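Protein sequence lines correspond, in order, to chains R and A.
Be aware that the first sequence starts at -13, since it is given in the working numbering, and climbs by one per residue.
Be aware that the second sequence starts at 2, since it is given in the working numbering, and climbs by one per residue.
Notes follow the structure.
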Amino acid sequence: MISDAVLVACAVAGALALVVGAALGWAASRLPPAADRLVERIDALLPQTQCGQCRYPGCRPYAEAIARGEADIDRCPPGGAVTVRALAELLGCEPRPVDPSLGAAKAPAVAWIDEERCIGCARCLPACPVDAIVGAPRYMHTVIADQCTGCELCLPPCPVDCIELRPVQASTVHGRWHRAA
Amino acid sequence: MTELLLLALGASLVNNFVLTNFLGLCPFVGVSRRFEAAAGMALATLFVLTIASGLSFTLWHWVLQPLGLQHLRTLVFILLIAGVVQFTELMVRATSPLLHQALGIFLPLITTNCAVLGVALLNVDKQHGLLESLVYGAAAGAGFGLALLLFAALREQLETCDVPAAFRGAPIALVTAGLMALAFMGFAGLGAR
C-alpha cells in the first residue's frame, strides 16, 4: 500500500519536472542556436583541407555559406563524392557530382619536399593553411605528413618547384584524410 | 537597505561560499586554469545562482509551504537548479559557442555545484524574503566569481613559476586556495556592529 505522502511527493516532483521541461523546450525553440549547430554539422562533414578550391577562404566559411543557402553542396573537390553524399543526407537534397570547373577530385595526397633542392626560402610557410610545414629562412623545410591536407597551396609559391604531392600510403592513418573519409 | 548591503557583504566576502564555507570547490579547481574560462564560469554561476535562489524561494513560499511538503525541498530544488542550468547552457551555446567550448563539461556541472543548492537551502533556513533571497544569491555568486577570478589569475602566474616537481598541478593549486582562504579570514568581523 502506497501512502498518500509518497503519492503527493511524486505528483509534485512530476509536475515540477513537466513545468521545467516545458519551459526549457519553449526557450530552446525561441533561442536561435539551430543555424549555428547546422554550421557545425556541415563543417564536421567537410574534409578540413582549407584548400579554398570552393572559392571560399576555408572549410568553415564554405559551411557557413551552405548553411545560409548561398552555396551548393557540390563545391568541394577534395571531399569528392563521399562529402557530397554526406552533405546531401544532412541537408535532405539530391547528391550530384562535384562541379568539374573547380578542379578534379583526386586521390588523397600529401605534400613532400625534395630536401636536395629546397633552398630554405620559407615562402611556402605562410601559404600553408594548417601550418604543416616546418622550417625557417635558410634552413631546409619539411612537411608534417600527418598534418598535411594535400591542398596544393604550397606549390605555387615555391621558386624551385621542389614540392610535389605524393599519394597517401594506404597503410598509414593520416588524421585528416581519415576523418574526411 | 543597510540590511541588504550587509547581507550582500556577508555572503560575498565575510562568509565567502568557496573560501569560508568550502562550497563549490569542484568548479573552483576545475575551471581556474585559464582566466577567460574562469570569467565565463563566474558569470554563468552568478546568473544561475541569482535565478535559482529567486525561483527556489517562490517555490518554497507558494508551493511547498502551503502544501506542507517541506521535506521535499532538496529534491525540488535540485530539479529546479537542473532546469535553470540547462537554460543557461542553451543561452551560452546560442550567444557564445567559443565560451561554451571553453567551459565544456563544467557548464552542465553547475547543477551539482553545491554552492547553488547551498544558497537555496540557506535562504530557506535563514527565512529570507524574495528580495533578500535574490540579493543573497547574487552576492554569493559574486563572491564565488571573485574567488574564482583571483584564483585563476594566481594559477596563470604559477604556470611560469619554478614549482618543485612534487607540488606541480593540483597540490600547488590547493596550497594556493588554502592561502587565499587564510587571506579571506581577514574579512571576518567586517560589517559587524
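Idealized CB from N, CA, C, for every residue including glycine.
Given the structure is predicted, the values throughout are model-derived calculations rather than measurements.
When beta bridges are read from the DSSP output, R/Glu101 appears opposite no residue. In this structure, A/Phe185 sits away from A/Leu76, with a CB-CB distance that is not shorter than 8 Å. With a cut-off of 8 Å on Cβ pairs, the stretch 152 to 164 of chain A is in contact with the stretch 25 to 42 of chain A, counting three or more such pairs. For R/Ile149, no alpha helix (DSSP H) segment is defined; the enclosing uninterrupted segment is the beta strand (DSSP E) at Ile149 to Pro153.
Distance from the Cα of R/Val129 is smallest, within the candidate group R/Ala49, R/Cys144 and R/Ala97, for R/Ala97.
Leu76, Val77, Leu80, Leu81, Ala83, Gly84, Gln87 and Phe88: these are the residues of the stretch 76 to 88 of chain A whose beta carbon lies less than 8 Å from some beta carbon of chain R, given in chain order. Under DSSP, R/Val120 shares a beta bridge with R/Thr128. In terms of beta-carbon proximity, R/Val(-6) lines the interface with chain A, with at least one pair separated by less than 8 Å.
Shown here, A/Ala189 sits in coil according to DSSP, grouped into three states, outside any helix or strand. Residues are counted here when their Cβ sits less than 7 Å from a Cβ of chain A; for the stretch 26 to 39 of chain R the count is zero. The DSSP-derived three-state label of R/Ala95 is strand. Within the same chain, Cβ atoms closer than 7 Å to the Cβ of A/Thr51 are found at Leu135, Gly138, Ala139 and Gly142, the five residues on either side in sequence being excluded. Under the three-pair Cβ rule at 8 Å, the stretch 43 to 56 of chain R does not count as touching the stretch 5 to 17 of chain R. Ranking R/Glu56, R/Leu141, R/Pro142 and R/Thr135 by CA distance to the CA of R/Thr35 puts R/Thr135 first.
By the beta-carbon neighbour count (other beta carbons within 10 angstroms, threshold 16), A/Trp61 is buried. Here the alpha carbon of A/Val86 sits roughly 31 Å from the alpha carbon of A/Gln158. Interface flag for A/Ala95 against chain R is set, since a Cβ pair is found closer than 8 Å. By the neighbour-count criterion, in which 16 or more other beta carbons inside 10 Å mark a residue as buried, R/Arg152 falls on the exposed side. R/Asp100 is classed as exposed because its beta carbon has fewer than 16 other beta carbons within 10 Å across all chains shown. By the neighbour-count criterion, in which 16 or more other beta carbons inside 10 Å mark a residue as buried, A/Cys162 falls on the exposed side.
Per DSSP, the continuous alpha helix (DSSP H) segment holding A/Phe78 begins and ends at Arg74 to Thr96. Rounded to the nearest whole angstrom, the CA to CA distance from A/Trp63 to A/Ala9 is 25 Å.
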